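In the numbering used here, the protein residues as written are 96 to 158.
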């Protein structure tokens, strides 16, 4: 099965650019997410950290 896929991919012209494009896209996405998390304020982090607990308290009150 792999040799059929490998044969098709080696016969295509310009196919070698796609792994490079995907690597660049992943690196940019990872960098943006890392920068976003790094720039979050401590208040926002604590708000997000307590969100699951707040939802549970709301469910307990409604029951």
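Each residue gets a CB set at the ideal place from its N, CA and C atoms; glycine is no exception. From a predicted model like this one, the values you see are computed outputs, not experimental measurements.
Residue i versus residue j: straight-line alpha-carbon distance, rounded
i	j	result
residue 147	residue 126	27 Å
residue 142	residue 128	18 Å
residue 136	residue 124	21 Å
residue 115	residue 139	36 Å
Residue i: first and last residue of the uninterrupted alpha helix (DSSP H) it sits in
i	result
residue 126	112-134
DSSP three-state assignment for residue i, whether helix, strand or coil
i	result
residue 108	coil
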